[in-house]
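Chemist:
Number of protein chains: 2
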Amino acid sequence: MSLPKLETCFSPSLLHLYDIKDSIVVIIDVFRATSTIAAAVHNGAAEIIPVDSVAKCIELGAQIPNSLTAGERDGKVAEGLQHGNSPLEYPRDFIENKTLVLTTTNGTRLLHMCSDANEIITGSFLNLGAVCDYLVSQKKNVLLACASWKDRYNLEDSLFAGAVYESIGKHFEMNCDSTRAATHLYKAAKNDLYGFIQDSSHFLRLSKFGLQYDMEYCCKINEHNVLVKLVDDKLVAL
Amino acid sequence: MSLPKLETCFSPSLLHLYDIKDSIVVIIDVFRATSTIAAAVHNGAAEIIPVDSVAKCIELGAQIPNSLTAGERDGKVAEGLQHGNSPLEYPRDFIENKTLVLTTTNGTRLLHMCSDANEIITGSFLNLGAVCDYLVSQKKNVLLACASWKDRYNLEDSLFAGAVYESIGKHFEMNCDSTRAATHLYKAAKNDLYGFIQDSSHFLRLSKFGLQYDMEYCCKINEHNVLVKLVDDKLVAL
Numbered sequence: 001m002s003l004p005k006l007e008t009c010f011s012p013s014l015l016h017l018y019d020i021k022d023s024i025v026v027i028i029d030v031f032r033a034t035s036t037i038a039a040a041v042h043n044g045a046a047e048i049i050p051v052d053s054v055a056k057c058i059e060l061g062a063q064i065p066n067s068l069t070a071g072e073r074d075g076k077v078a079e080g081l082q083h084g085n086s087p088l089e090y091p092r093d094f095i096e097n098k099t100l101v102l103t104t105t106n107g108t109r110l111l112h113m114c115s116d117a118n119e120i121i122t123g124s125f126l127n128l129g130a131v132c133d134y135l136v137s138q139k140k141n142v143l144l145a146c147a148s149w150k151d152r153y154n155l156e157d158s159l160f161a162g163a164v165y166e167s168i169g170k171h172f173e174m175n176c177d178s179t180r181a182a183t184h185l186y187k188a189a190k191n192d193l194y195g196f197i198q199d200s201s202h203f204l205r206l207s208k209f210g211l212q213y214d215m216e217y218c219c220k221i222n223e224h225n226v227l228v229k230l231v232d233d234k235l236v237a238l
Numbered sequence: 001m002s003l004p005k006l007e008t009c010f011s012p013s014l015l016h017l018y019d020i021k022d023s024i025v026v027i028i029d030v031f032r033a034t035s036t037i038a039a040a041v042h043n044g045a046a047e048i049i050p051v052d053s054v055a056k057c058i059e060l061g062a063q064i065p066n067s068l069t070a071g072e073r074d075g076k077v078a079e080g081l082q083h084g085n086s087p088l089e090y091p092r093d094f095i096e097n098k099t100l101v102l103t104t105t106n107g108t109r110l111l112h113m114c115s116d117a118n119e120i121i122t123g124s125f126l127n128l129g130a131v132c133d134y135l136v137s138q139k140k141n142v143l144l145a146c147a148s149w150k151d152r153y154n155l156e157d158s159l160f161a162g163a164v165y166e167s168i169g170k171h172f173e174m175n176c177d178s179t180r181a182a183t184h185l186y187k188a189a190k191n192d193l194y195g196f197i198q199d200s201s202h203f204l205r206l207s208k209f210g211l212q213y214d215m216e217y218c219c220k221i222n223e224h225n226v227l228v229k230l231v232d233d234k235l236v237a238l
């Protein structure tokens, strides 16, 4: 029996090179959209609606009862929205049973670019285990899709791709240099993920806003170990 | 005094993200265009004319006295051309004082995409030292541009980018995750570059044509240590 295929895409600008119609696409935006999504869903959010513009976010927030608007542009809370893009902003006593309408610079944009995918789930270190277990169980082709930063390759998203492959690679056929590079990178980083990531563009960018603790939190493996899937344009716990 | 900037671009599909007008662009196609170019120039080729189509290659070859046509598509000698894309095909007693008209799947295509660059040189392990010395001497911004394989990230070109940064990084300002990842990768590979590269898509592809020895040759650092620059659309020794 042939194994399903696993590949990694380092940037939305490379997405056209991959066939996503027959694949589960894992949207990866470690700093911080998919980390925030894992935390909010794990803490009981009813659903998360990812949208690609601030205007749409405000519009939906006004229409949907018991909802919150959240999101960032260039690392800061976007003007007109109520909340930011931090996993720490959404504890259970705040987010439980609410709908979060979310827009971010990279992650939610990539998610909309992947609308043709067979299935979409979101991945971050906070829910690495749940992502891996699900991918193994489904026996389908997988594309690990890094949100990157404005289409530029970034370290943190490819580190997550490497963590996934290191964990479940044996269940897949793989002939993809992006996956190989991500796995080498993760091997170099895994003993001190947070230390390693401090020499990265995104860490340096967000540190200027005092968000070091946020990023340290995003490196906690399985802290919010929930599987998040896009169903009817909404991200929900599976 | 501020240092010039060094960045790495992993794929021609990402080239639009970088400002090449003020940069020296290093075209990197380790397997095998820029390795072949280094060998042919080092062995005395009068000049190399990189062209982007087989038809153009045949046309120029017929016009230019004392010229050879060469090139590959998908790893094999392209139909209608006289020679292939191997650094071993161009010893001194064969190539000296001749003009090589060359077209390849990835390297020569990227070279033409970079026509707006401030300067273009070509890089491979065979001429790593000459590339590094030149970049340090020029004190200009640098873009290490990986030819990749049909726009997909590849290991061998980013390994070369990592080798450059590891060697001369202190002379540049760098805040580029692609460069960081390439450097981590090179550190993992450098003690056995040829062994490391055997688990890569391009190695597996070219091995099917029996080209292992060719690729082993492409991993020899400074074997053809010449600086190759594009001058009036021709690649020449500087």
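Those protein sequence lines, which keep their order, are chains F and L.
Going by our numbering, the first sequence opens with residue 1, and the numbers climb by one from there.
Going by our numbering, the second sequence opens with residue 1, and the numbers climb by one from there.
Beta carbons are placed, not taken as given, at the ideal position from N, Cα and C, and that holds for glycine.
What are the start and end residues of the beta strand (DSSP E) that includes Thr-103 (chain F)?
Modeler: 99-103
Chemist: Span of the beta strand (DSSP E) holding Leu-143 (chain L)?
Modeler: For Leu-143 (chain L), the uninterrupted beta strand (DSSP E) run begins and ends at 141-146, by DSSP.
Chemist: What are the boundary residues of the beta strand (DSSP E) that Ile-27 (chain F) is part of?
Modeler: Annotation: the continuous beta strand (DSSP E) that includes Ile-27 (chain F) extends over 23-28.
Chemist: Measure the C-alpha to C-alpha separation of Lys-234 (chain L) and Thr-36 (chain L) and round it to an integer number of angstroms.
Modeler: 15 Å
Chemist: Between which residues of its own chain and Ile-58 (chain F) is the CB-CB distance below 8 Å, once the five residues before and five after are set aside?
Modeler: Thr-69, Gly-80 and Leu-81
Chemist: Which whole-angstrom value describes the C-beta separation of Asn-141 (chain L) and Lys-5 (chain L), a residue pair presumed to lie in contact below a C-beta threshold of 8 Å?
Modeler: 5 Å
Chemist: Just by C-beta distance, which residues in the stretch 7-37 of chain F are closer than 7 Å to chain L?
Modeler: Phe-10, Ser-11, Ser-13, Leu-14 and Leu-17
Chemist: Can Leu-144 (chain F) and Ile-20 (chain F) be called in contact, C-beta distance under 8 Å?
Modeler: no
Chemist: Are the CB atoms of Leu-60 (chain L) and Ile-48 (chain L) within a distance shorter than 8 Å?
Modeler: no
Chemist: For Asn-154 (chain F), return the contacting residues in chain L, with the cut-off set at a CB-CB distance below 8 Å.
Modeler: Asp-177
Chemist: Indicate whether Asn-222 (chain L) and Gly-129 (chain L) have their beta-carbon atoms separated by less than 8 Å.
Modeler: A Cβ-Cβ contact shorter than 8 Å links Asn-222 (chain L) with Gly-129 (chain L).
Chemist: Does the pairing of the stretch 180-193 of chain L with the stretch 98-117 of chain L give three or more beta-carbon distances under 8 Å?
Modeler: no
Chemist: List, in chain order, every chain F residue whose beta-carbon is nearer than 7 Å to that of Lys-188 (chain L).
Modeler: First, the residue type needs correcting, since residue 188 (chain L) is Ala and not Lys in the sequence shown. Near Ala-188 (chain L) (Cβ distances below 7 Å), the residues of chain F are His-184 and Ala-188.
Chemist: In chain F, what lies closer than 8 Å to Tyr-181 (chain L) by C-beta?
Modeler: Looking at the sequence provided, one finds Ala at residue 181 (chain L) rather than Tyr. Residues of chain F passing the Cβ test: Tyr-153, Leu-155, Ser-158, Ala-181 and Leu-185.
Chemist: When you compare each of L:Ser-2, L:Phe-31, L:Asp-22 and L:Ile-24 to Gln-212 (chain L) by their alpha carbons, which one comes out closest?
Modeler: L:Phe-31
Chemist: Taking just the CA atoms, how far does Ile-95 (chain L) sit from Glu-156 (chain F)?
Modeler: 47 Å
Chemist: Closer than 6 Å by C-beta to His-171 (chain F): which residues in its own chain qualify, once you throw out the five before and the five after it? Chain order, please.
Modeler: Val-136
Chemist: Across which residues does DSSP place Thr-8 (chain L) in a beta bridge pair?
Modeler: L:Leu-144.
Chemist: Is there a C-beta anywhere in chain L that falls below 8 Å from the one on Asp-74 (chain F)?
Modeler: no
Chemist: By the 10 Å Cβ neighbour count, where 16 or more other Cβ atoms means buried, how is Arg-92 (chain L) classified, buried or exposed?
Modeler: Exposed.
Chemist: Anything in the stretch 195-208 of chain L with a Cβ closer than 8 Å to a Cβ of chain F? List those residues in chain order, please.
Modeler: Asp-199, Ser-200, Ser-201, His-202 and Leu-204
Chemist: Glu-173 (chain L) by DSSP, collapsed to three states: which one?
Modeler: strand
Chemist: If you measure between the beta carbons of Ala-188 (chain L) and Ala-237 (chain F), is that distance less than 8 Å?
Modeler: no
Chemist: If you drop the 5 nearest sequence neighbours on each side, which residues of the same chain put their C-beta closer than 7 Å to that of Leu-88 (chain F)?
Modeler: Asp-214 and Tyr-217
Chemist: Compute the Euclidean distance between the alpha carbons of Leu-206 (chain L) and Tyr-165 (chain F), then round it to the nearest angstrom.
Modeler: 25 Å
Chemist: Are Thr-179 (chain F) and Thr-34 (chain F) close, meaning C-beta to C-beta below 8 Å?
Modeler: no
Chemist: Return the CA-CA distance between Gly-169 (chain L) and Met-1 (chain F), expressed in angstroms with no decimal places.
Modeler: 47 Å
Chemist: In chain order, what residues of the same chain lie with their CB nearer than 6 Å to the CB of Leu-111 (chain L), ignoring the 5 residues before and after it?
Modeler: Ile-27 and Pro-50
Chemist: Could you confirm whether any beta carbon from chain C is found closer than 8 Å to the beta carbon of Cys-114 (chain L)?
Modeler: Any reference to chain C falls outside this structure, whose protein chains are F and L.
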